[in-house]
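K.L.:
Going left to right, the sequence shown walks through residues 0 to 137 as numbering that gives the first Met the number 0 numbers them.
Quick one: the structure is below, and I'll ask about it shortly.
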Amino acid sequence: MSRNHYLDRIRENIRLVLVTKNLSQTEVADRIGISPTYVSQILSNDSGVPPSREFVEKLAAVTGVSFHAILDADLSKMVQRVIAFSYKKFLIFATISLTFGFNTSPSTQSGLVHFPSLLTSVSSWCDLSTVPLPVPIP
Numbered sequence: 000m001s002r003n004h005y006l007d008r009i010r011e012n013i014r015l016v017l018v019t020k021n022l023s024q025t026e027v028a029d030r031i032g033i034s035p036t037y038v039s040q041i042l043s044n045d046s047g048v049p050p051s052r053e054f055v056e057k058l059a060a061v062t063g064v065s066f067h068a069i070l071d072a073d074l075s076k077m078v079q080r081v082i083a084f085s086y087k088k089f090l091i092f093a094t095i096s097l098t099f100g101f102n103t104s105p106s107t108q109s110g111l112v113h114f115p116s117l118l119t120s121v122s123s124w125c126d127l128s129t130v131p132l133p134v135p136i137p
């Protein structure tokens with residue numbers, strides 16, 4: 000997907016948020032604390048002004064719509080699946096290492112000590128149950 004196509008999809012998602020929340024560009028600008036002209040430039044496909052991360056974060060905060068949903072639901076899900084899959088591979092390694100006592104480097108051992116907090120952190124925003132495991136965890 001080209002950069003312009005991706006930016007057009009983000010702009011379309013922003014327009015959809017404004018319509019579904021019944022907000023004008025001026026109302027959004029007032030709530031976010033930017034000029035209505037800037038909002039108009041962001042939404043114009045011809046302006047060349049891409050929406051900044053800060054703009055999308057503030058829009059998400061004032062509308063109650065998730066940051067990832069505004070960016071792109073498909074891309075967000077793909078990124079979450081990649082992270083979750085990598086994390087599950089780490090889970091398998093950690094389980095095997097802890098179960099069988101493999102010799103691991105001090106940095107790996109340190110990572111395994113923080114394993115429960117890492118699990119909580121990842122699972123709080125990424126649904127690990129939707130990612131297939133490469134092998135069953137014992």
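Using N, Cα and C, we set each Cβ at its ideal position, and we do this for glycine too.
Quick test of your reading: residue 30 and residue 61, contact by CB under 8 Å. State the CB separation rounded to the nearest angstrom.
P.N.:
Translated into positions along the sequence shown, residue 30 becomes position 31. Translated into positions along the sequence shown, residue 61 becomes position 62. Contact holds; Cβ gap of about 4 Å.
K.L.:
Considering only the alpha carbon of each residue, which of 55, 89 and 88 lies closest to residue 17?
P.N.:
Start at 1 with the first residue of the sequence shown, and residue 17 comes out as number 18. Among 55, 89 and 88, the Cα nearest to that of residue 17 belongs to 55.
K.L.:
As a quick exercise: from 70, 36 and 65, pick the residue whose alpha carbon is nearest that of residue 51.
P.N.:
Looking up residue 51 in the sequence shown gives position 52. Selected option, being the one with the closest Cα: 70.
K.L.:
If you draw a straight line from the C-alpha of residue 53 to the C-alpha of residue 88, how long is it?
P.N.:
Working through the sequence shown from its first residue, we reach residue 53 at position 54. Working through the sequence shown from its first residue, we reach residue 88 at position 89. Those two C-alpha atoms are separated by around 33 Å.
K.L.:
On the three-state DSSP scale, how would you describe residue 50?
P.N.:
If you number the sequence shown from 1, residue 50 lands on position 51. Coil at residue 50, not helix or strand.
K.L.:
Distance check for residue 28 and residue 34, CA to CA, integer angstroms please.
P.N.:
Within the sequence shown, the letter at position 35 stands for residue 34. Within the sequence shown, the letter at position 29 stands for residue 28. Those two C-alpha atoms are separated by around 6 Å.
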